[in-house]
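Numbering (my numbering), first residue to last: 598 to 668.
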C-alpha cells in the first residue's frame with residue numbers, strides 16, 4: 598500500500614530582492630516597529646540597512662520588472 602502526500606515546500610520572499618527563500622536559508626531581521634523582514638543573504642540585508650533602493654539595483658526582481666521593456 599502506497600500513500601502519497603501533497604508535500605509543498607513553503608518558501609518565503611526576500612524583502613529586498615523579491616527572490617524565493619527556501620527552508621533553511623536566509624535570515625530574519627526585526628525592525629523597531631516589530632515588522633519582520635526576510636532576507637535571502639547578507640548582501641540583501643547590507644543593501645537594505647544602507648538604505649539603497651531595490652529599484653536601482655540591477656539584479657533585483659523589482660528592477661527587472663520596471664525596466665523590462667527598456668533596452
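The beta carbon of each residue, even a glycine, is placed where N, CA and C say it ideally should be.
| Check | Outcome |
| --- | --- |
| Tell me the residue span of the beta strand (DSSP E) that contains residue 579. | Residue 579 cannot be examined here, being either before or after the span of the chain that is shown, 598 to 668. |
| Among the residues of its own chain, which have a CB less than 6 Å from the CB of residue 617, if the five just before and after it don't count? | 608 |
| So for residue 649, helix, strand or coil by DSSP? | coil |
| Around the Cβ of residue 621, are there at least 16 other Cβ atoms within 10 angstroms (buried) or fewer (exposed)? | exposed |
| What residues are listed by DSSP as bridge partners for residue 633? | 627 |
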